[in-house]
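The structure under discussion appears below in the form of structure tokens.
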Amino acid sequence: MAIRKLEGKTLIVATHNKGKVAEIADLIGPYGLEAKSAGELGLPEPEENGDTFEANAYTKAFSAAKATGLPALSDDSGLCVDALGGAPGVYTADWAEKPDGSGRDFMMAMQKVEAQLQAWNANSPEDRKARFVAVLCLAWPDGHAEYFRGEVEGVLVWPPRGTSGFGYDPVFLPDGYDRTFGEMEATEKHGWEAGRGDLGLSHRARAFALFATACLEK
Ligand code: IMP
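Okay, structure coming up:
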């Protein structure tokens, strides 16, 4: 079946995560779309109880599309660590939940990942391989959905380095680079500075490139 294109100039971005909103706004910029985030519109945050990135991405995108009557784009993403059997994976945000329920602490989450790597004596770059995964889902109010997956491979460093970006960026060193995502400007994390054209560097930029090619006109 042919991929459904995005018509109209407004795109609902189905996320309440400010780091993701900023990156998606950057990526959408060149397409002249007006992005409105679910957080900004005061939409409720649906419960994510799927066990795949695709399932959670659909839950978020469809809930925002139904509430607004407009197509909505969601991002479900996470960090998958080889030595931990792909964990934290779809539970990446949950690993940052503070025990007292008062919000998220990503330094604590990065420490948790590091503690588990140390429990396996994972000290060589080979043993510390990880990837970031992002699945973008564009859903319409009638329930139709399209999916786009981007991944970026790298190794986890310790201690964390840099204060840019969000989430687990300070421990993720993408393959072929000597700076973590936390040490990169947004444009470099997107892959725009390296002249990669439409391919991108980060998992989100790569998924977005597939989405843009399939559904958007520049
Ligand atoms: P979810 O997609 O809302 O389940 O959350 C995914 C979690 O993965 C985020 O809260 C971040 O902690 C992490 N994550 C996803 N993408 C990135 C990224 O680009 N940099 C750092 N952390 C990320």
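Each step along the sequence shown adds one to the number in the numbering used here, with nothing skipped, and position 113 is 896.
Even for Gly, the Cβ is constructed at its ideal location relative to N, Cα and C.
Note that this is a predicted model, so its numbers are computed, not measured.
Any heavy atom of ligand 2 within a distance shorter than 7 Å of the CB on residue i?
{"i": "E897", "result": "Absence of ligand 2 from the depicted structure is noted, with ligand 1 being the only ligands included."}
Starting from residue i, follow the beta strand (DSSP E) in both directions and report where the run begins and ends.
{"i": "Y841", "result": "No beta strand (DSSP E) holds Y841; the alpha helix (DSSP H) holding it covers F836 to T851."}
{"i": "D925", "result": "Looking at the DSSP string, D925 is not in any beta strand (DSSP E), and its letter there is neither H nor E."}
{"i": "E817", "result": "E817 to S820"}
{"i": "L993", "result": "Looking at the DSSP string, L993 is not in any beta strand (DSSP E); the run it does join, the alpha helix (DSSP H), is H986 to C998."}
{"i": "D858", "result": "A855 to V864"}
Ignore the nearest five residues each way along the sequence and tell me which others in residue i's own chain have a CB closer than 8 Å to its CB.
{"i": "G926", "result": "F845"}
Looking only at its own chain, which residues have a Cβ that is under 7 Å from the Cβ of residue i, when we skip the five neighbours before and after it?
{"i": "D809", "result": "A969 and H973"}
{"i": "F949", "result": "G802"}
Give a single yes or no on whether residue i has its beta carbon closer than 7 Å to a heavy atom of ligand 1.
{"i": "G937", "result": "no"}
{"i": "G1024", "result": "With the chain represented from 784 up to 1001, any question about residue 1024 goes unanswered, as that position is not in the structure."}
{"i": "F991", "result": "no"}
{"i": "N800", "result": "yes"}
{"i": "A805", "result": "no"}
{"i": "S985", "result": "yes"}
{"i": "L921", "result": "no"}
{"i": "E909", "result": "no"}
Short of 6 Å in beta carbon distance, which residues of its chain neighbour residue i, apart from the five on each side in sequence? Order them along the chain.
{"i": "Y841", "result": "C920 and A928"}
{"i": "E936", "result": "R914 and D958"}
{"i": "L816", "result": "K792 and L794"}
I'd like to know if the region 792-812 and the region 854-862 are in contact, where contact means that at least 3 CB-CB pairs between them fall below 8 Å.
yes
Is the region 979-996 close to the region 910-922, with three or more CB pairs under 8 Å?
yes
Three or more C-beta pairs below 8 Å linking the region 859-879 and the region 891-898
yes
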